[in-house]
Structures are given as C-alpha cells and as structure tokens.
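As you go down the protein sequences, you meet chains A and B in turn.
So for the first sequence, the UniProt record's numbering puts the first residue at 1; every next one is plus one.
So for the second sequence, the UniProt record's numbering puts the first residue at 1; every next one is plus one.
Notes to accompany the following structure.
Protein chains: 2
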Amino acid sequence: MAVNLQIPSESEIFPVAGVEIGVTEAGIRKAGRRDLTVFRLAEGSSVAGVFTRNRFRAAPVQVCEKHLASGGPVRALVINTGNANAGTGADGLKRAQDTCSALGRLLDVPAEQILPFSTGVILEPLPLDRLTAGLPGAIAKLAPDQWFDAAHGIMTTDTLPKIHSRRIDVAGKMVSITGISKGAGMIRPNMATMLSFLATDAAIEQPLLRKLAVQIADQSFNRITVDGDTSTNDSFILIATGKSGVAISSESDAAYAAVVQALTEAAADLAQKIVRDAEGATKFMTIRVEEAGSTEEALKVAYAVAHSPLVKTAFFASDPNLGRILAAIGYAGIDDLDVSRIRLWLGDVLVAVDGGRNPSYQETDGQRVMKEAEIVVRIALGRGQVADTVYTCDFSHEYVSINADYRS
Amino acid sequence: MAVNLQIPSESEIFPVAGVEIGVTEAGIRKAGRRDLTVFRLAEGSSVAGVFTRNRFRAAPVQVCEKHLASGGPVRALVINTGNANAGTGADGLKRAQDTCSALGRLLDVPAEQILPFSTGVILEPLPLDRLTAGLPGAIAKLAPDQWFDAAHGIMTTDTLPKIHSRRIDVAGKMVSITGISKGAGMIRPNMATMLSFLATDAAIEQPLLRKLAVQIADQSFNRITVDGDTSTNDSFILIATGKSGVAISSESDAAYAAVVQALTEAAADLAQKIVRDAEGATKFMTIRVEEAGSTEEALKVAYAVAHSPLVKTAFFASDPNLGRILAAIGYAGIDDLDVSRIRLWLGDVLVAVDGGRNPSYQETDGQRVMKEAEIVVRIALGRGQVADTVYTCDFSHEYVSINADYRS
C-alpha cells in the first residue's frame with residue numbers, strides 16, 4: 001500500500017516532442033505483463049546518464065556506459081523487466097549488445113546509438129529470444145502519448161506507476177518535462193536505486209546535460225533509501241530533445257534556472273514516489289539533519305537513522321520509541337559528537353534536549369505525530385550551518401513477505 | 001526460536017573461585033522477572049572492560065569507564081534489565097552513581113569500586129528507588145553457584161539464557177572459566193552489542209587483562225551482527241580472580257596460550273549464542289570471506305552481506321537468491337573490485353564464478369543447502385591472502401513483530 005502517492009490523470013501528462021514510446025508484453029519472465037518498453041528519440045536529442053556504483057553492475061549498465069562514452073548520438077532506449085541481466089558475465093554482456101543490435105536493425109540506427117536497461121531477477125540469463133521477438137510489437141505502438149504505458153511497463157514489485165509531468169513557460173515558449181521511475185526495494189543512494197527516465201523538449205547541450213544529470217540525481221535519487229541495498233542495475237537518464245525551440249547552452253542562459261529547477265523538482269518527485277511505494281511501506285519519513293558541520297556529516301546521521309531496522313520497525317508500530325533514534329545518531333560515525341548539544345523533533349514536538357528527554361515532552365504528543373502517514377524527524381546537531389534531508393519509509397511485515405516471496 | 005543454541009546442564013557449569021552472584025526480582029519495569037544481578041568479586045581480582053562506541057553511550061557505561069580508569073580495584077558489579085539508563089543526561093549519570101553508592105554501603109566498599117550495567121528501554125529514567133530496594137535481596141543470595149540465575153537475570157528479549165563454562169588443566173592446576181551473555185537485537189560489531197561477563201580464577205595482571213579484553217572482544221563480539229544497530233549500553237567485562245593459583249603476568253608465561261585460547265573460545269561461543277537467539281532468527285549464517293587484500297576488506301564484504309535485508313529475507317525464505325549476495329558484495333565499498341575473480345559458495349556448492357553463475361550450478365543444490373538451519377556462505381575475492389568471518393542470522397516476520405511490539 002503506497003503512502004500518499006499521487007498519480008496524475010492522463011490529461012495532466014504532457015508528451016515531450018521528439019520522444020515516442022512503445023510498450024508491449026514480451027513474456028520475459030511471466031506472460032500477460034507489459035515488460036518491454038522502447039523509447040525512440042528524435043535526431044539531435046542530447047542524452048546523459050548516471051548509473052549504479054555497484055561493482056557487480058549489470059551488463060546493460062556496462063553497455064550504456066560504453067555507448068554514452070563514445071560521444072555519438074543516442075536514438076533509442078530499450079527497457080525490459082523480469083530479468084536484470086546482472087551477475088551474468090561475458091554471456092550477459094553479449095545478450096545486452098545483441099538486444100541493441102536487434103533493435104538497431106528494426107529502427108535502422110547503429111547498435112551503438114541504443115541504450116539498454118534491464119531490471120528484475122539477478123543471476124539468470126536474459127531470455128534474448130523472447131525479448132527480440134517482442135521488439136516489433138513495441139515498435140508498432142511507438143507514439144508520443146505512451147508515457148503512462150511506459151510507467152507501467154517498467155514496474156517490478158512497484159504497486160503503482162510513478163510519473164511526473166509539467167509544463168513551464170520560458171520567455172513565451174512552452175517547455176514540457178515528463179518522466180517516469182520504478183523501484184520499490186533494493187533502494188539506496190549513490191545511484192544504485194532504480195530506473196528513471198526524464199525528458200524535456202528544451203535543447204540542452206551534451207556537456208551541460210551530463211553535468212546536470214549528476215547534479216539532479218544528487219538532489220533527488222541520491223537522497224532516498226528503502227533498505228540500504230544498492231542495486232546492480234539502476235540508472236537515471238536525462239533526455240533533451242530540443243523540439244520546444246528553447247535552447248540552453250550554458251548556465252548563464254536566461255532559461256537555465258527555470259528549466260533546471262523544473263527538472264530537479266520533477267526528479268525529486270519521481271524519487272520520493274519510489275519511497276512512497278516502497279515494499280511494505282506504511283509511513284513516509286523525512287529525516288532532516290540541521291546544524292551539521294558538513295554535508296557528509298548531515299548525511300551520515302540521516303542515513304544511520306533512515307537505515308536502522310529498529311527505528312523503521314518502531315515507526316511501523318507508530319511507537320515513539322525515540323531512544324532508538326538517539327542510538328542511531330550515536331553510532332552514525334561522528335567521533336567527536338557532543339550529544340549534549342543535540343535536539344530532536346518528531347514533527348513539531350521537541351522530544352530530546354541536552355542528551356536526554358525534553359522535560360516537558362509528553363508521550364501522548366509523540367504518539368499523535370507517530371500516527372500520521374507522513375512524519376518529519378528533525379535533528380539539530382549543534383555543530384555548524386549545514387542541513388540536508390533524506391527520505392525513507394518504515395519497515396513492515398509486508399517488506400519481509402515481499403522479499404521472502406519475490407522469486408517464488 | 002533460537003537456532004541450535006546449546007544450554008549446558010547445571011552440572012556442566014563450574015563456579016569461578018572468587019566470584020559470588022546474587023539475582024533477584026526488583027520490579028524495575030515489570031513485576032515477576034529476575035531483573036537485578038549483583039556480582040561480588042574477591043579482593044585481588046583484576047577486571048577489564050570493553051564498551052560501546054556509540055556516542056550516546058549510556059550513563060552506566062560512562063560510570064564504568066570512569067571507575068576503571070581510576071586504576072583502583074573492582075569489588076562488585078550491579079546489572080539491571082528493564083531500563084538502559086541511556087539518553088538520560090546528567091540525571092541518568094547521577095542515578096548510575098547513586099546505584100554504586102547504594103550497593104557500596106551495603107557491601108562496605110567504596111562506590112568507585114563498583115561497576116554498574118543497565119539494559120532495556122532507552123530514554124526513560126532509571127527507577128532508582130526500586131533498584132536500590134532490590135539490592136538487599138540480591139546480596140542475600142550471593143553464592144558461587146548462581147551463574148545460571150545470572151544468565152537468566154540479564155535477559156531482555158532473549159528467549160534462552162546464554163552461558164559457557166569450561167575447566168582446563170594448566171600444569172596440573174585446574175583453571176575454571178565461566179561466562180554469560182545477553183542480547184538479541186540492536187546487535188552490531190564494535191562492542192556495542194550486548195552485555196557479557198566472563199570470569200576465570202586464573203590470575204592475570206591488570207595491564208595484560210586490559211589488552212586481552214580488547215583482543216578477545218575483537219575475535220568474538222566484534223564478529224557478530226543481527227541488525228546493524230549499535231547499542232548505547234553494551235559491555236564486555238573480563239574478570240580474573242587469581243584464586244586457582246595459576247598466575248599469568250606476561251605473554252611469555254607458560255599458562256598464557258592455554259588460558260587465552262580458552263577465554264577466546266568461551267567469548268566466541270557466548271557471542272555466537274547471541275546470534276543463535278537473535279530476534280526472530282530461524283537460520284544461523286556464517287559469512288566467510290577469503291582471499292581478501294586486508295582484514296578491513298574482508299570485513300567490509302562480510303558485513304555488507306550480513307547486513308543486507310534482501311539477503312537476510314532470502315535466507316528466511318530458504319530461497320537461494322544468490323544474486324542478492326553478489327549485489328551486496330558489489331556495493332561493499334571496494335572500489336577496484338574485479339568481479340570476474342570472485343567465487344561464491346553456498347555450503348559446499350560453488351554457485352558463482354567469473355562474475356556470473358557457475359555453469360554447472362543446479363538450483364536444486366542451492367535449495368538443499370538453504371533448507372539447513374546453519375549455512376556457510378563463502379566468498380573468495382581473488383585479491384590476497386586474508387580471511388575473516390562474521391556470524392549473523394536471517395530476517396523474519398518475527399523480527400518485525402518483536403521490534404514493533406517491544407515497548408507496547
């Protein structure tokens with residue numbers, strides 16, 4: 001059951017000129033599921049990607065990195081669910097390349113101009129025959145208004161599609177921004193978290209787009225965690241087709257600030273939607289650390305709290321067991337932390353000061369906050385001026401059930 | 001339900017000359033539970049301790065460190081369950097000191113010669129009145145044969161008492177070694193894990209005992225993990241009363257090797273018993289990493305696997321979902337890891353080679369191993385000569401239930 005995950009209506013999804021999408025059922029792992037998605041991009045599109053840092057990164061991730069590094073254009077993406085093509089060695093690499101070749105032949109573009117993506121079970125061979133047999137069906141459906149189908153087509157244990165769309169007016173011209181994401185478990189920062197594809201019809205030159213992809217990922221997908229598990233496959237792809245007539249070639253361009261802000265907000269929403277639909281989640285938790293000496297310090301504390309199974313199970317139980325939060329702060333790895341300076345809020349309730357319980361804290365106040373579906377934990381360290389925020393969810397019976405049953 | 005946790009019979013527990021123990025029901029948190037334990041140590045005993053590295057370390061831990069640092073003798077320990085006296089600020093510190101003063105008056109020793117220990121709920125004031133009211137009852141029971149009662153008296157969410165006892169013959173003289181431990185959740189290495197008290201009637205001089213306490217903890221309690229949560233309170237105390245007539249004053253003494261080996265094995269068993277009785281555990285997992293370039297590397301990989309909720313839920317399901325183990329190895333933080341050199345065994349089954357699945361691996365072989373209650377995961381990194389081992393357990397519905405309900 002997702003936590004307050006907003007799904008826009010069809011009429012709120014704006015196609016991005018220059019992007020066509022086709023989705024089909026290829027039977028990759030099970031029949032009757034939309035599991036194969038193709039993106040075709042107009043000539044002249046810029047594409048940049050940020051990929052998992054897992055050393056066991058999947059074959060398609062390796063192929064993506066190679067194709068992007070070649071500096072040539074990208075004209076299509078191909079995404080399958082049901083199989084991650086990870087932990088599959090040289091044979092897996094060949095299957096990812098063969099996927100690109102097969103789609104290239106059908107679209108009449110070189111294989112090097114295609115990026116492949118896979119998500120699903122690790123350590124099993126990608127069923128290449130079924131995948132390539134499905135490609136013509138996906139291509140037959142290529143159309144600009146298929147973003148919703150794509151959001152469905154990339155889902156695995158997700159319960160709801162994740163989609164974000166907006167239009168902004170830039171000096172009288174309309175710029176569209178639409179993106180999708182997937183991911184529900186094996187979610188941890190450092191771009192190892194999920195698949196997300198975000199497109200705009202603004203023109204953004206390739207070197208700037210590469211820089212922007214990293215910067216935007218850092219403010220969105222690198223600020224969420226579900227279970228601390230960094231996946232082998234996950235990828236964020238930023239596409240700029242240029243079809244709107246709005247062009248950005250440097251950070252000093254008039255349109256830069258507006259477009260980047262809109263892209264960042266879209267990515268942050270797509271990232272938070274992953275947490276809202278996390279496996280078994282019943283609570284959406286915002287962990288905000290203030291008065292840190294550095295971003296690294298703030299994130300150490302925020303992730304220690306966000307990853308603690310004891311904190312996460314207490315939130316599942318709506319139990320204001322705040323000692324577990326203090327314990328997590330204490331083991332976050334800041335060696336000279338002075339706990340007597342720390343203040344801790346649960347929602348608007350100040351629960352801890354001076355290294356202990358706030359004398360005026362009432363358990364009933366804590367319980368009132370814990371019953372909400374969205375909870376802000378705010379921690380002031382008393383060490384500096386830096387603040388940062390991480391988003392996570394609680395840890396429920398359902399998480400165990402889903403992950404104990406996933407392959408069965 | 002603990003996994004193969006051996007409980008010795010009463011006749012297998014050897015008293016340690018110089019150690020008397022008394023246990024009582026003080027009603028610290030709930031009535032009708034043995035929750036207060038006193039150890040009285042003979043004059044001339046040496047005592048050393050290793051304590052949590054959590055910055056929110058509890059008041060009794062701070063008092064222990066202060067009393068041990070003073071260099072004076074230690075004549076008694078006092079241990080309560082039901083309340084951790086952690087996150088309690090200056091008031092908590094005073095209550096820990098007052099506990100020592102109260103026991104000191106009753107035993108006629110200075111408060112500085114007493115070490116206090118607390119375990120239980122964090123962030124709530126220690127009920128000092130009930131604790132001190134219980135002390136005379138514990139003292140009335142002081143006797144050398146109360147180790148079993150003590151093992152019960154320090155339990156919290158533990159389902160079984162954890163006790164280890166042995167005698168060794170050292171050049172014709174008998175040396176007794178007996179210890180207890182507690183802990184079931186909030187278990188993570190770096191001595192932040194549990195309470196354990198291990199005593200011998202060998203004589204070991206204070207500076208050597210201090211060194212040994214660190215060395216033994218590192219080979220036992222610092223090699224286990226349940227949930228990665230480092231607690232605020234936990235402590236390992238090593239006691240040498242000298243009453244056996246066997247004396248060790250340096251590492252070159254004849255008795256040194258035999259006594260240290262026996263103490264280390266006792267501590268390792270007490271540590272592994274904690275994992276066997278971990279909250280909700282149904283499987284005991286040994287994660288052995290070989291061919292690492294350093295101990296740090298071996299432990300990074302072992303703990304990444306041992307902490308992964310996805311790995312732990314797969315083991316709960318007896319599902320040989322080995323890709324999750326590879327993914328954890330991949331995100332363990334070894335930046336130049338060459339995954340093509342890695343080999344992975346589940347029990348005696350070689351499941352992965354060359355960065356992918358072993359071509360001759362059969363899923364039925366993996367399933368056979370996964371159905372066992374004790375499973376060895378062996379990972380060869382192909383980087384060097386160092387090996388190390390970490391012990392952990394699976395992650396079940398029961399873990400969520402226990403931790404969602406703990407305070408309720």
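By construction, the Cβ of each residue, glycine as well, lies at the ideal position given by its N, Cα and C atoms.
*asked:* Output needed in chain order: residues of the stretch 33–55 of chain B with a Cβ under 8 angstroms from some Cβ in chain A.
replied: Closer than 8 angstroms at the C-beta level to chain A, one finds these residues of the stretch 33–55 of chain B: R53, N54 and R55.
*Would you call N403(A) buried or exposed, if buried means 16 or more other Cβ atoms sit within 10 Å of its Cβ?*
Counting C-beta atoms within 10 angstroms of its own C-beta, N403(A) has 16 or more neighbours from the protein chains shown and is therefore classed as buried.
*In terms of DSSP beta bridges, what is L77(B) paired with?*
Per the DSSP secondary-structure output, L77(B) pairs in a beta bridge with F39(B) and L115(B).
*By the 10 Å Cβ neighbour count, where 16 or more other Cβ atoms means buried, how is I7(A) classified, buried or exposed?*
exposed
*Integer Cβ distance of T178(B) from I13(B), believed to fall under 8 angstroms*: 6 angstroms
_chain A contact residues for F395(B), given Cβ-Cβ distances below 7 angstroms_ = V400
*Can you tell me which of T389(A), L322(A), S118(A) and V386(A) puts its alpha carbon nearest to the alpha carbon of I122(B)?*
L322(A)
_Taking CB distances under 7 angstroms as the criterion, tell me whether I122(B) reaches chain A._
yes
*Are the beta-carbon atoms belonging to T157(A) and E279(A) less than 7 angstroms from one another?*
yes
*Leaving out five residues on either side along the sequence, give the residues of the same chain with a beta carbon under 8 angstroms from the beta carbon of E43(A).*
P73 and R75
*asked:* Quick check on DSSP: helix, strand or coil for A2(B)?
replied: The three-state secondary structure of A2(B), taken from DSSP, is coil.
*N-terminal and C-terminal residue of the alpha helix (DSSP H) that G92(A) is part of*: G89 to L107
*Measure the alpha-carbon distance for I375(A) versus D277(A) and round it to whole angstroms.*
16 angstroms
*Spatial distance of G92(A) from R130(A) (CA atoms)*: 15 angstroms
*Which value, in whole angstroms, describes the spacing of the CA atoms of E124(A) and T286(A)?*
Rounded to the nearest angstrom, the two C-alpha atoms are 36 angstroms apart.
*Would you decide whether A26(A) is buried or exposed? Buried here means 16 or more other CB atoms lie within 10 Å of its CB.*
It is buried - the Cβ of A26(A) has at least 16 other Cβ atoms within 10 Å.
*Can you name the residues of chain A whose CB is closer than 8 angstroms to the CB of R166(B)?*
Within 8 angstroms Cβ-Cβ: nothing; R166(B) doesn't reach chain A, min ~33 angstroms.
*asked:* Using the Cβ count rule (16 or more neighbours within 10 Å means buried), how would you classify N4(B)?
replied: exposed
_Unbroken stretches of the alpha helix (DSSP H), 4 residues or longer, contained in the stretch 305–387 of chain A_ = 309–316, 322–330 and 363–370
*What residues in its chain sit with their C-beta under 7 angstroms from that of T295(B), if we drop five residues either side in the sequence?*
V386 and D388
*Residue-level contact to chain A via CB, L142(B), 7 angstroms cutoff*: no
*Assigned secondary structure, G245(A) (DSSP; H/G/I helix, E/B strand, else coil)*: coil
*Test: N403(B) CB closer than 7 angstroms to a CB of chain A*: yes
_Does chain B have any CB closer than 7 angstroms to the CB of D327(A)?_
Note that residue 327(A) is Ala in the sequence shown here, rather than Asp. Yes, contact with chain B.
*Report the partner residues of S176(B) according to the DSSP bridge assignment.*
R167(B)
*Quick one: what does DSSP say V16(B) is sitting in, helix, strand or coil?*
coil
*asked:* With a threshold of 7 angstroms on Cβ separation, who are the neighbours of V311(A) within its own chain once the five nearest residues in sequence on each side are excluded?
replied: V305, R324, I325 and A328
*What do you get for R105(A), buried or exposed, if any count of 16 or more other CB atoms within 10 angstroms of its CB means buried?*
exposed
*Please name the residue, chosen from D145(B), K66(B), P320(B) and S11(B), that lies closest to Q113(B) on a Cα-to-Cα basis.*
K66(B)
*Note the first and the last residue of the continuous beta strand (DSSP E) segment covering T200(A).*
T200(A): member of the beta strand (DSSP E) spanning L195 to T200, first to last residue.
_DSSP three-state assignment for I216(A), whether helix, strand or coil_ = Secondary structure at I216(A): helix, using DSSP grouped into helix, strand and coil.
_Presumed contact (8 angstroms Cβ cut-off) between A202(A) and A255(A), rounded CB distance_ = A Cβ-Cβ distance of about 7 angstroms is found for the pair A202(A) and A255(A), placing them in contact under the 8 angstroms criterion.
*From this set, V390(B), N54(B), I224(B) and I79(B), which residue's C-alpha is nearest A150(B)'s C-alpha?*
I79(B)
*For the beta strand (DSSP E) that contains L126(A), what are its first and last residues?*
From DSSP, L126(A) is part of no beta strand (DSSP E); its letter is neither H nor E.
*Using the beta-carbon of each residue, which ones in chain A are nearer than 8 angstroms to A298(B)?*
Per Cβ cutoff of 8 angstroms: no residues; A298(B) is ~16 angstroms from chain A at best.
_Could you tell me the alpha carbon to alpha carbon distance between residue 409(A) and G366(A), rounded to whole angstroms?_
Nothing in the structure corresponds to residue 409(A), since chain A is present only between 1 and 408.
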